[in-house]
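Engineer: To convert, note that position 458 of the sequence shown is 459 in our numbering; the numbers rise steadily by one, no gaps.
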Amino acid sequence: MAPISLIMPTIDWGPTFASCLQAALGSLRSGDELLVVFDGLPPPPPDWLRDSGAVLLNTGVRSGPAAARNLGANQARHPILLFVDADVELHHDVRARVCKHFSSDPSLTALFGSYDNTPAAPGLVSRFRNLLHHHTHNSHPGPACTFWAGCGAVRRDRLLALGGFDAETYRQPCIEDIELGLRLHDAGERILLDPAIQGKHHKCWTFVQMVRTDISQRAIPWSRLLLSRRRLPATLNLSSSARISAGLSLLLPGALAAAASSSALQPWALLTFAGCLGLFMQINRSFLGLLWRQGGVRLAATGTTLLILYLIYSSLSFAGVATAAMASAPVRAPDWLQSRPNLQQRLAIIGLLLLGLISLSYITKGLFVLFTTDRGGWDLLQRFYEWRLFQSHIYPSEALAKQSARLLPHFRNTVYLPWALPQFGFLFGWGGIAQGKILISLVSLLSLAMMAAVGRWMMRPLGQKAEWLGFLIPLAFYSNRICLAAGQFSILCMGLISLQFYFLRKRQTFAASICWTMAMLKPQLALAYAIPLLGRRKRIGLVFGLSLLFILTLIALQQTNTDAISIGLSWLKLLPVFQSKGNVNVLAAVWPNTDIDWIYLIIRLTAILATIIAFPSFFHRLRAAIYTTFQTIYYNSCTIEAAGLFGICSLLLFYNRIYDQILLYPAVI
């Protein structure tokens, strides 16, 4: 048999290394070579190591096992290199099996084996993790497209011809051996997995260590590697059964949560959970049987749970990397369109014209309904009734009004805070509901014009067509039609917010705070926009704005002879009304709510997921905007990115209706 060079990288001279090195020495024959490569600057080696005959090398600085193996490969003298990790105790027949394969098959380039089924560490997590590796490798013997350097051999000339392990990308224990195997396979080299080539693994795993290592040093870099290649080989962890198991593992937590609830779908959820778990155990019966044989019920039960968790966090890691990769991909026109610039121009013009027609139809239809139909201004009419009650010294709340007031035909419970009631006088004070319709339509149109100007100004650097797109974005919200038809305040409030940001950019803090105060007609829109007023030089403006709200509240209390404690208690009773309207609140209410519309919720979440997958470029820009905002918000929180982030937070966290969606216009821009 031809001599071989055994290369063992290490970072210490501890007892595990000593035990594994002695096993390696015992497996070698006369003429073989043992190279020990210390990753970093080593301490003085023990006497037994100096006397072992091993060639001692070091990388000088901690560079990772890839660099250590490359150093050993460059210094080795023999044509066959056997890589062994410093925590793997070789079986005595490993050398003979390696030499037999290479001598009988000259076309074989690389060969690797497996951990044995008796790991040294006695813990449940350690046994599960090592047996999972053992079973995965033993289930896929034969030709492979990957490599394992824990106990693997390769022809030296082929390894060096490909540049060795990728020590630049992988500077810590990672998937450098897998990446090498894929490069060997791409180059047409033959790789063989022989599960009979085995070693005992001495690594002691904890649960936290397993999760952290699997995610940061395996799942994430492996996902990046596979996605960079645009194809997924169906071997080892990527076999069809492994992919199905991963999908089932993702279904199990949701089915279990639904089964644990008291919803009407509980029987179906239980059936789904039982079916998924049964199918999962059937697919993985071979591995679960191994756990049973090696450790009985305790190891089998623990291993089943750990396997599900392992597949969940590995799958989610892959999904996260894949989503990030899609989001970071450059956005460009399809190939068939790139070669037709004239067609691109025509399509852009057609798109802008359609967007303009849509915007015009929404605004026209909203105003038509407001002024010509009996139902027009239905929301404004409710505010008018509340203003009439306020004029009559009645606070519009059943909990606070007297019995005689509650019998009035126009009595109603207000959902507006006390400081809003005096402001209604600007709308209805002289001409009643007719005045209110005219004023709300005028200020809403003025606000839309202001928002369109903001969009046009923001998009101007990108060209004329982009400038028109920015102009049309705020006008093309479907919610504008409903807001105008109802006589709602949402457009007005976002116009005031736009003015607030304009004044902040002009460093006119008090003017900005007045705009914010007036926009607090709808706190669910304006509350998040108090954040720009938290800057050191702007807090006086926030104090001024809060003082105005306090004064308006005192006016409302004085006018209606109501005390603050009574109003506070009445609002506590109204809180459940608002819980059902915010998106986050809806999701938070799923668990205790027995009447949740599961079908609607599933459709909504599916739509969100599909949008993320279909339009990754938008979410890439959203992510970048959020990142930029958190970087600059302390210094300059009056940017369009900041406004967009505040709008998204308002939509997600607070009570909102469809006509409030105009608050997203900065985020869309």
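Idealized CB from N, CA, C, for every residue including glycine. Please read these numbers as outputs of a predicted model, since none were measured by experiment.
Please classify Trp149 as buried or exposed, where buried requires at least 16 other C-beta atoms within 10 Å of its C-beta.
Structural biologist: It counts as buried.
Engineer: Give every residue of the same chain whose Cβ lies closer than 6 Å to the Cβ of Leu549, excluding the five residues on either side of it in the sequence, and list them in chain order.
Structural biologist: These residues qualify, in order along the chain: Thr518.
Engineer: Would you call Tyr363 buried or exposed, if buried means 16 or more other Cβ atoms sit within 10 Å of its Cβ?
Structural biologist: So Tyr363 ends up on the buried side.
Engineer: Taking the continuous alpha helix (DSSP H) assigned at Asp13, which residues delimit it?
Structural biologist: No alpha helix (DSSP H) contains Asp13, which DSSP labels as neither H nor E.
Engineer: Just tell me which of Phe208, Leu312, Val212 and His138 has its CA closest to the CA of Pro254.
Structural biologist: Of the listed residues, the one whose Cα sits closest to Pro254 is Leu312.
Engineer: Could you name each continuous alpha helix (DSSP H) segment of 4 residues or more that falls completely within the stretch 472-506, going from the start of the chain to the end?
Structural biologist: Taking only runs of at least 4 residues, the alpha helix (DSSP H) segments lying wholly in the stretch 472-506 are 479-487 and 491-506.
Engineer: Would you list the residues sitting across from His202 in a DSSP beta bridge?
Structural biologist: Looking at the DSSP assignment, His202 forms a beta bridge with Val89.
Engineer: Does the Cβ of Val85 have 16 or more other Cβ atoms within 10 Å, making it buried, or fewer, making it exposed?
Structural biologist: Buried, by the Cβ-count rule.
Engineer: Would you mind stating whether Asp178 and Arg98 have Cβ atoms separated by less than 8 Å?
Structural biologist: Cβ atoms of Asp178 and Arg98: not closer than 8 Å.
Engineer: How about the stretch 492-501 and the stretch 520-529: do they share at least three Cβ pairs that are nearer than 8 Å?
Structural biologist: Yes: the two stretches touch, three or more of their Cβ pairs being nearer than 8 Å.
Engineer: Would Ile395 and Tyr660 be called neighbours here (beta carbons separated by less than 8 Å)?
Structural biologist: No, these two residues do not count as a Cβ contact at 8 Å.
Engineer: Ser398 bridges to which residues according to DSSP?
Structural biologist: Note: Ser398 sits in no beta bridge, so no partner.
Engineer: Please report the straight-line C-alpha distance between Ser571 and Lys507, rounded to a whole angstrom.
Structural biologist: Distance between the alpha carbons of Ser571 and Lys507: 40 Å.
Engineer: Using 8 Å as the threshold, is the C-beta distance between Tyr530 and Gln501 below it?
Structural biologist: Yes, these two residues count as a Cβ contact at 8 Å.
Engineer: Using a threshold of 8 Å, state whether the C-beta atoms of Thr110 and Leu185 are closer than that.
Structural biologist: Closer than 8 Å, so yes.
Engineer: With Gly114 and Gln199 assumed to form a contact (beta carbons below 8 Å), what rounded beta-carbon distance in angstroms separates them?
Structural biologist: With a Cβ gap of about 6 Å, Gly114 and Gln199 count as contacting.
Engineer: Return the bridge partner residues of Tyr116 from the DSSP annotation.
Structural biologist: BP columns for Tyr116 point to Gly200.
Engineer: If we ignore side chains and look at the alpha-carbon of each, how far apart do Cys516 and Thr365 end up?
Structural biologist: Cα-Cα distance, rounded: 27 Å.
Engineer: Excluding sequence positions up to five away, which residues of its chain have a Cβ less than 7 Å from the Cβ of Gly377?
Structural biologist: Taken in chain order, the residues that qualify are Val370, Leu371 and Ala486.
Engineer: Considering Val62, what are the terminal residues of the beta strand (DSSP E) in which it resides?
Structural biologist: Taken as a continuous stretch (DSSP letters only), Val62 belongs to no beta strand (DSSP E), as it is neither H nor E.
Engineer: When you compare only the Cα positions, how much space is there between Leu440 and Ile552?
Structural biologist: Rounded to the nearest angstrom, the two C-alpha atoms are 24 Å apart.
Engineer: In this structure, how does DSSP classify Glu642 when only helix, strand and coil are distinguished?
Structural biologist: Three-state DSSP puts Glu642 in a helix.
Engineer: From the DSSP output, in three-state form, read off Arg191 for me.
Structural biologist: Arg191 falls in the strand class under three-state DSSP.
Engineer: Taking contact to mean at least 3 C-beta pairs separated by less than 8 Å, is the stretch 6-18 in contact with the stretch 28-38?
Structural biologist: Verdict: yes, contact present.
Engineer: Just to confirm, are Cys154 and Ile81 a CB contact at a threshold of 8 Å?
Structural biologist: Per the sequence shown, residue 154 should be read as Ala rather than Cys. Yes, they are a contact pair.
Engineer: Can you tell me which of Pro475, Leu534 and Ser491 puts its alpha carbon nearest to the alpha carbon of Phe504?
Structural biologist: When each option's Cα is compared against that of Phe504, the closest is Leu534.
Engineer: Are Leu289 and Thr303 closer than 8 Å when you measure CB to CB?
Structural biologist: Contact flag unset, no.
Engineer: Are three or more beta carbon pairs between the stretch 377-390 and the stretch 431-449 nearer than 8 Å?
Structural biologist: Taking 8 Å as the limit for Cβ pairs, the verdict is that the stretch 431-449 does touch the stretch 377-390.
Engineer: Is it a yes or a no for the stretch 291-303 touching the stretch 122-142, going by three-plus beta-carbon pairs under 8 Å?
Structural biologist: Short answer: they touch.
Engineer: Rounded to the nearest angstrom, how far is the Cβ of Gly41 from that of Thr60, given a contact under 8 Å?
Structural biologist: Contact flag correct, Cβ pair sits at about 6 Å.
Engineer: Looking at C-beta atoms only, is the number of pairs between the stretch 468-482 and the stretch 420-436 that lie closer than 8 Å three or more?
Structural biologist: Cβ pair count under 8 Å is below three, so no.
Engineer: Using a threshold of 8 Å, state whether the C-beta atoms of Ile474 and Ser445 are closer than that.
Structural biologist: The answer is no: Cβ separation not under 8 Å.
Engineer: Indicate the three-state DSSP secondary structure (helix, strand or coil) for Val38 in the structure shown.
Structural biologist: Three-state DSSP puts Val38 in a strand.
Engineer: Taking only three categories from DSSP, how would you classify Phe84?
Structural biologist: In this structure, Phe84 counts as strand in the three-state DSSP scheme.
Engineer: So Cys516 is in the alpha helix (DSSP H); what residue range does that whole segment cover?
Structural biologist: That run of the alpha helix (DSSP H) goes Thr510 to Ala520.
Engineer: With three or more beta-carbon pairs closer than 8 Å as the criterion, would you say the stretch 150-170 touches the stretch 66-80?
Structural biologist: In short, these stretches touch, since the Cβ pair count reaches three.
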